[in-house]
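End of the sequence shown = 699 in the numbering used here, gap-free, step of one. Every residue, glycine too, gets a C-beta built ideally from N, C-alpha and C. Being a predicted model, the structure only gives us computed values, none of them experimental. Structure first, then comments.
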Amino acid sequence: MSSPHILVFSTPAQGHVIPLLEFSQCLAKHGFRVTFVNSEYNHKRVMKSLEGKNYLGEQIRLVSIPDGMEPWEERTDPGKLIEKVLQVMPGKLEELIEEINGRDDEKIDCFISDGFMGWSMEVAEKMKLRRAVIWTSCAASVASIFCIPKLIDDGIIDSNGTPIRKQMIQLAPNMLEMNTEEFFWTRLGDITTQKMTSQKIIFDLSIRTIKAMKVADFQFCNSTYELEPGAFNMIPELLPVGPLLASNRLGNSAGHFWPEDSTCLKWLDQQQPKSVIYVAFGSHTVLDHNQFQELALGLEICNRPFLWVVRPDITTDANDVYPRGFQERVATRGQMIGWAPQQRVLSHPSIACFLSHCGWNSTMEGVSNGIPFLCWPYFVDQFLNESYICDIWKVGLKLDKDESGIITGEEISNKLVQVLGDQNFKARALELKEITMSSVREGGSSYKTFQNFLEWVKT
């Protein structure tokens, strides 16, 4: 009898591809065959970043389908991308499933979809596949989706997802408080006609997702019960499988859209233990020229060693991005690179704190390594993650904007000094690390969930 064959389908965004590929590698480690479906555009980026390295082994095959957009089109407007995806991908996914199932010994035993591609559950049901969902965000974010009908009925949001008024609410007892202006579908950047259109598209997709989830056999979340007991108690069918980290397999992370610059690890080797500030804002954050300059200023006046990930597209002004003379002044203690092997960086003994956009992958990676945070959320669910870090887990600080909406260099430097100087943050971060990592050890909640799923697929 051949090993089980799993089809895994990701949202076309790096923050989703990485944990879903990690889950795929966990399946492959247990002898399963995996076909991983990405968009054509992102498939090419992943293959280029791998640079011929076979991190994935023979058990995982990477394939792609169109996302409905031309290769040269910008994919920065989430609403436009989702519209195109919904027009094209359902039909292409169905064709791919038919093609695979038509081959000898290739029949799909289970279909696993990203939660934000919940519509694909409808395709899987039509194709008579067993099906599971993985949510790559925190469980509280998933809970906010499931609560949409009640939020509308209670007059907290309107039928477009817009808050009726700003207020703090709890979706259930023992859950963190949420600002109604920070539901992920409302945090898409500046409030413009384009953003409001995107909000409506994403909100409507979320409502469709609620219905689609009813046909899923399993729903998983890249989190742990210990980190979010209130959210998991609110949605009993949502099961923890996190943290999905390459280090749990003693393997390499895959799914990045940019080639990793591993030379920074040698530089970290030369730094003192717990001395380096790691600065990274994920794959989507864009800072305007003034804000970028203030960040550079803050790192300079803080006068601590730092490793700063500066994507080619992180700022709106590609020319003279750094303050004049900045690179020369920080040359002995600062490193700027295009993309980092983040999980390996955060596990390095020289890292002292993480200045982060609070994407959920980054949050889980920082927590799993016992690193305190300075939080700089950009959009969608990152504000909710910041609340967990600062208000619930108490392993980091928030940054405050001045009257003109800028986070000044002085504010950045002052908060970094606070995080680095307060031993309570470090002690609490180490406690949280132990709590979090216990979930993936034998007998832990995430370990049990994964083992139960393996047995279910085999039956």
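Minimum C-alpha distance to residue i - residue among the options
| i | options | result |
| --- | --- | --- |
| VAL526 | MET408, THR556 and THR503 | THR556 |
| LEU484 | GLU651, PHE690 and ILE591 | PHE690 |
| PHE665 | THR699, ASN625, CYS593 and GLY599 | CYS593 |
| ARG448 | MET357, MET474, ARG427 and ILE517 | MET357 |
| ASP344 | THR464, SER242 and TRP425 | SER242 |
| TRP579 | VAL277, LEU670, VAL519 and GLY319 | VAL519 |
| GLN511 | GLY482, ILE591, GLN459 and GLY522 | ILE591 |
| HIS529 | VAL635, THR648 and LYS288 | THR648 |
| GLY522 | SER381, ASP394 and PHE619 | PHE619 |
| CYS504 | LYS324, ALA669, GLY574 and SER289 | GLY574 |
| TRP312 | LEU296, ASN282 and MET287 | ASN282 |
| VAL303 | GLU310, ILE246, GLU314 and GLU626 | ILE246 |
Same chain, Cβ closer than 8 Å to residue i, five either side skipped, listed in chain order
| i | result |
| --- | --- |
| PRO306 | SER279, GLU280, VAL328, MET329 and LYS332 |
| ASP631 | LEU416 and GLU417 |
| SER502 | PRO581 and ARG584 |
| ASP642 | THR648 and GLU651 |
| GLY508 | Looking at the sequence itself, residue 508 is Leu, so the reference to Gly does not match. The residues are VAL516, LEU547, VAL585, HIS588, SER590 and ILE591. |
| SER602 | ALA520, GLY522, GLN582, PHE594 and SER596 |
Beta-carbon contacts of residue i that lie in its chain and below 7 Å, excluding the five residues immediately before and after
| i | result |
| --- | --- |
| THR681 | A small correction: the amino acid at residue 681 is Arg; Thr does not occupy that position in the sequence shown. For ARG681, where only same-chain residues beyond five positions count, the Cβ hits under 7 Å are TYR687. |
| LEU694 | HIS270 |
| GLY683 | none |
Whole-angstrom distance between residue j and residue i, CA atom to CA atom
| i | j | result |
| --- | --- | --- |
| ALA412 | LYS506 | 47 Å |
| ILE409 | LYS347 | 46 Å |
| HIS256 | ILE374 | 10 Å |
| SER264 | ARG564 | 46 Å |
| PRO469 | ASN654 | 33 Å |
| PHE351 | ALA456 | 10 Å |
| VAL607 | THR676 | 8 Å |
| PRO499 | ILE258 | 14 Å |
| GLY271 | ALA536 | 47 Å |
| SER596 | GLY342 | 46 Å |
| LEU391 | HIS524 | 29 Å |
| ILE577 | GLN567 | 12 Å |
| PRO589 | ALA364 | 45 Å |
| ARG668 | VAL481 | 23 Å |
| ILE340 | ASN692 | 26 Å |
| PRO513 | GLY610 | 14 Å |
| VAL325 | GLY319 | 10 Å |
Test item: CB-CB of residue i and residue j under 9 Å
| i | j | result |
| --- | --- | --- |
| SER587 | ARG544 | no |
| SER353 | PHE249 | yes |
| ASP367 | ILE337 | The sequence as given places Met at residue 367; Asp does not occur at that position. Yes; because the gap between Cβ atoms is below 9 Å, this pair is in contact. |
| GLU422 | PHE623 | yes |
| SER463 | ALA452 | no |
| VAL274 | LEU267 | yes |
| TRP425 | SER446 | yes |
| ILE450 | ILE396 | no |
| LEU467 | LEU672 | yes |
| VAL570 | PHE546 | yes |
| VAL697 | PRO244 | yes |
| ILE646 | GLU534 | yes |
| LEU321 | VAL382 | no |
Residue-chain proximity (residue i, chain D), Cβ-Cβ < 9 Å
| i | result |
| --- | --- |
| VAL570 | Absent from the structure: chain D. Only one protein chain is present. |
Neighbourhood of residue i by C-beta distance below 6 Å, restricted to the same chain and skipping five residues each side
| i | result |
| --- | --- |
| ARG301 | THR275 |
| MET474 | ALA383 and ALA412 |
| GLY539 | At residue 539 the sequence reads Leu, which differs from the Gly that was named. PHE546, listed in sequence order. |
Using 8 Å as the Cβ pair cut-off and three pairs as the minimum, do the segment 416-423 and the segment 648-661 touch?
-> The segment 416-423 vs the segment 648-661: no contact.
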